[in-house]
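Participant:
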Amino acid sequence: MLHHTDVESTRVLWHYHPEYELVYLPHGRGRRHIGQHVSRYQGGELVFIGPNLPHLSFSYGRQDDFEQIVVQLRADFLGEAFLQRPELAAIQQLFLRAHQGLGFGPTTRRVAGEKLQLLPEALPFERLLLLLEVLQQLALAEDAFTLHAGSPGQGLRGQEHERLSRVYQFVQEHYQAEVAVEEVAGLVHLSVPAFCRFFKRATGQTLTEFVQEYRVSQACLLLLEDKPITEVSYASGFHNLSHFNKTFRKLTGQSPSEYRRQQPG
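Start counting the sequence shown at 14; every next residue gets the next number (my numbering).
#1: Quick check on residue 60: does DSSP put it in helix, strand or coil?
#2: Can you tell me where the beta strand (DSSP E) with residue 85 in it begins and where it stops?
#3: For the pair the region 80-98 and the region 190-205, tell me if three or more CB-CB distances fall below 8 Å.
#4: So, is residue 270 buried or exposed, given that buried needs 16 or more other C-beta atoms within 10 angstroms?
#5: Once the 5 residues before and after residue 264 are set aside, which same chain residues still bring their CB inside 8 Å of it?
#6: Determine the DSSP secondary structure at residue 212, reduced to helix, strand or coil.
#7: For residue 146 and residue 97, what's the separation of their Cα atoms in angstroms?
#8: In this structure, how does DSSP classify residue 201 when only helix, strand and coil are distinguished?
#9: Do residue 83 and the ligand ATP come close, with the Cβ less than 6 Å from some heavy atom?
#10: Would you grab the beta carbon distance between residue 43 and residue 114 for me? Rounded to a whole angstrom, and I think it's under 8 Å.
#11: Pull up the DSSP beta-bridge partners for residue 116, would you.
#12: Could you compute how far the alpha carbon of residue 71 sits from the alpha carbon of residue 45?
#13: Check the C-beta distance from residue 174 over to residue 27 and give it rounded, since I have them as a contact under 8 Å.
#14: May I ask you to report which of helix, strand or coil DSSP gives residue 28?
#15: Could you tell me the distance, in whole angstroms, from the CA atom of residue 80 to the CA atom of residue 259?
#16: Using the beta-carbon count (16 or more within 10 Å), is residue 215 buried or exposed?
#17: Going by beta carbon distance, what residues of the same chain come within less than 7 Å of residue 106, once the five residues before and after it are set aside?
#18: By the 10 Å Cβ neighbour count, where 16 or more other Cβ atoms means buried, how is residue 223 classified, buried or exposed?
#19: Taking the Cβ atom as the reference point for each residue, do residue 162 and residue 59 lie within a distance shorter than 7 Å?
#20: What's the gap between the Cα of residue 272 and the Cα of residue 205?
#21: What does the Cβ neighbour count give for residue 243, buried or exposed, with the cut at 16 atoms within 10 Å?
#22: Smallest Cα separation from residue 90: which of 144, 118, 123 and 125?
#23: Beta carbon of residue 236, beta carbon of residue 245: below 7 Å?
Structure representation (structure tokens):
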């Protein structure tokens with residue numbers, strides 16, 4: 014059983030690993046990209062991801078520090094035959110369902126999250142019991158939903174994983190300036206038409222749409238600070254206030270000032 018808690022500052026972006034991964038964020042909003050599934054989360058996040066299922070770091074789009082709890086474990090973390098016991102039939106099914114990626118609604122996120130937040134300070138035996146309780150809750154959760162993220166061998170191949178990670182990294186580092194599709198295509202050694210096809214298939218978006226979404230996510234963070242909206246616009250990569258307001262409303266359903274007013278504090 015492996016777990017860690019951290020204030021996220023990692024820049025690991027598009028990645029995969031042989032362990033199952035349970036990710037809990039107590040609060041916040043961001044981009045959920047797991048395998049072939051792309052969506053947004055808000056109000057926190059709780060997902061259970063199967064082994065070798067590529068996914069985007071949940072820190073992506075956030076420049077602030079934030080808490081997340083990550084539990085990584087293999088199917089045989091308690092021995093090869095342990096999950097075969099009849100008492101653990103529901104958990105065994107949970108592990109099978111995780112190969113498509115699983116998300117959970119607010120009720121399970123709250124109940125399971127309370128236990129997950131106890132893990133870092135728990136003694137080893139208590140930690141094991143807490144983890145089994147969480148897994149059983151997830152297995153029986155009525156608000157679980159399948160992400161239909163695909164399975165290993167489907168979707169992107171090894172070189173394409175690397176290309177997508179390089180694009181994510183580039184956008185994260187250059188979103189405040191102009192992001193030209195020609196430059197990004199050259200970065201991953203593709204012609205512009207080939208890159209556009211690849212990126213649309215991998216993310217469900219054009220590069221322009223993706224960059225605008227990233228910039229708006231940065232603007233949402235900056236709006237939590239006491240900065241003029243014009244300054245927020247330029248700092249998040251928009252160099253036209255009217256365009257910023259229009260794009261922000263399109264992606265969030267609110268104007269920047271409305272978004273700021275409805276935030277706590």
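Each residue gets a CB set at the ideal place from its N, CA and C atoms; glycine is no exception.
This structure is a prediction, so every number in the text was calculated from the model and none was measured.
Facilitator: Let me lay it out:
#1: strand
#2: 80-86
#3: Because the criterion of three Cβ pairs below 8 Å is not met, the region 80-98 and the region 190-205 do not touch.
#4: exposed
#5: 225, 226 and 229
#6: helix
#7: 17 Å
#8: coil
#9: Although the ligand ATP was asked about, the structure shown includes no ligands whatsoever.
#10: In fact, because the Cβ distance is near 16 Å, the residues do not count as touching under 8 Å.
#11: 60 and 158
#12: 7 Å
#13: 6 Å
#14: strand
#15: 31 Å
#16: buried
#17: 152
#18: buried
#19: no
#20: 36 Å
#21: Under this definition residue 243 is an exposed residue.
#22: Of the listed residues, the one whose Cα sits closest to residue 90 is 144.
#23: yes
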